[in-house]
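For what it's worth, numbering that gives the first Met the number 0 labels the leading residue of the sequence shown as 0, then goes sequentially. Here's the structure we're looking at; comments come further down.
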Amino acid sequence: MHSKNHSKLRLAVLLIAAAFCCTPSAAFAQEPVQLPAPQMTGGQPLMQALAQRRTTRAFRDQALPMQTLSNLLWAAFGVNRSRDVKPGLGRTAPSAMNRQEVELYVVLAQGVFVYDAEANRLQPVAAGDARSKVGSGDAAHAAVTIVYVADPKLPFAQVDTGFIGQNVYLFAASEGLNAWFYALHGPQETAAVAAALHLADQKAPLYAQSVGYPVQ
């Protein structure tokens with residue numbers, strides 16, 4: 000009898016542990032990642048970066064250095080000035096009526112994060128490698144995939160995403176990285192990506208952009 004009760008208790012403990020590990024709340028045990036200050040000098044001249052800007056759908060499965068990741072996210076939609084005329088902080092990409100409504104979800108091999116531009120920090124969302132759940136094919140091996148998230152009812156969100164995506168393309172060209180901006184295909188894929196990012200109901204993934212080292 001004692002052995003039977005012990006087995007039931009052990010099974011219950013295992014089930015509770017498994018349920019906890021599978022819930023989104025377990026991901027929040029991660030600590031925020033403070034990025035190094037972005038380097039705002041260097042890189043290729045603008046005209047040279049424009050000449051080399053292209054889409055390349057192939058990536059080597061190798062993480063970016065933290066400094067490069069910080070520079071990439073700052074170039075995408077970082078804070079570049081305080082605003083004297085209008086309230087708030089200026090960003091490296093424009094947004095209609097200064098809404099700054101697009102959020103950058105950063106998918107790395109170690110987890111999913113949201114880019115906090117003001118603090119230059121990655122806020123944890125989910126632990127584990129979700130790259131294959133967000134990007135298909137070679138995008139699943141990219142060092143980083145940025146998912147652009149906003150309320151799809153906002154009329155200018157898609158246009159503002161395009162501004163950010165071009166910044167990423169130019170940074171990638173300047174740094175010798177590959178980049179691929181792509182749309183999600185249909186409601187089923189959109190729902191799967193939203194689930195992987197643990198998005199609230201009023202938010203949706205609009206586009207994704209993968210960046211990484213060229214395949215040698």
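In this text, a Cβ means the ideal position worked out from N, Cα and C, and glycines have one as well.
Exposed unless 16 or more other CB atoms sit within 10 angstroms - verdict on residue i
{"i": "H184", "result": "exposed"}
{"i": "R90", "result": "buried"}
{"i": "T40", "result": "exposed"}
{"i": "E30", "result": "exposed"}
{"i": "E174", "result": "buried"}
{"i": "G164", "result": "buried"}
{"i": "A138", "result": "buried"}
{"i": "G229", "result": "The structure shown does not extend to residue 229, since the chain is modelled only from 0 through 215, so no value can be given for it."}
{"i": "A118", "result": "exposed"}
Neighbourhood of residue i by C-beta, 8 Å cutoff - its chain only, sequence neighbours within 5 removed
{"i": "V148", "result": "V101, E102, L103, Y104, L196, L198, K202, A203, P204 and L205"}
{"i": "L153", "result": "R98 and E100"}
{"i": "S81", "result": "L88 and G89"}
Cutoff 6 Å; reference residue i; Cβ partners in own chain excluding five residues on either side
{"i": "S69", "result": "L34, P35 and P37"}
{"i": "S94", "result": "D159"}
{"i": "V214", "result": "A57 and R59"}
{"i": "L71", "result": "F170"}
{"i": "Y244", "result": "This structure leaves residue 244 out entirely; the chain is present only between 0 and 215."}
DSSP bridge partner residues for residue i (one or two, in chain order)
{"i": "Y206", "result": "Y147 and A182"}
{"i": "L121", "result": "V32 and Y114"}
{"i": "S81", "result": "L88"}
{"i": "A141", "result": "Its beta-bridge partners do not exist; DSSP assigns none."}
{"i": "G211", "result": "N177"}
{"i": "Y104", "result": "V113 and V146"}
{"i": "A126", "result": "G110"}
{"i": "R59", "result": "Y212"}
Close beta carbons around residue i, own chain, < 7 Å, minus the five adjacent residues each side
{"i": "M65", "result": "L34 and P35"}
{"i": "A108", "result": "A62, D128 and R130"}
{"i": "V133", "result": "V106, T144, V146, V192, A195 and A207"}
{"i": "C21", "result": "The predicted model places C21 with a pLDDT of 36, which falls under 50 and marks its position as unreliable, so this point remains unresolved."}
{"i": "A182", "result": "Y206"}
Option nearest residue i by Cα separation, candidates the options
{"i": "A116", "options": "A141, A75, L107 and A125", "result": "A75"}
{"i": "A50", "options": "V124, A193, A141 and A172", "result": "A172"}
{"i": "G110", "options": "V78, V143, A118 and G161", "result": "V143"}
{"i": "W73", "options": "A156, A125, R120 and Q157", "result": "R120"}
{"i": "T189", "options": "A156, P151, G161 and H140", "result": "P151"}
>> Using a Cβ distance threshold of 8 Å, determine whether the stretch 167-179 contacts the stretch 197-211, with at least three qualifying pairs required.
In response: They touch, by the three-pair rule.
> Are the stretch 46-64 and the stretch 176-190 in contact at 8 Å, needing three or more beta carbon pairs?
Replying inline: Counting Cβ pairs under 8 Å, three or more are found: they touch.
> Touch check for the stretch 38-48 and the stretch 124-134: three-plus C-beta pairs under 8 Å?
Replying inline: No, because fewer than three Cβ pairs between the stretch 38-48 and the stretch 124-134 fall closer than 8 Å, the two stretches do not touch.
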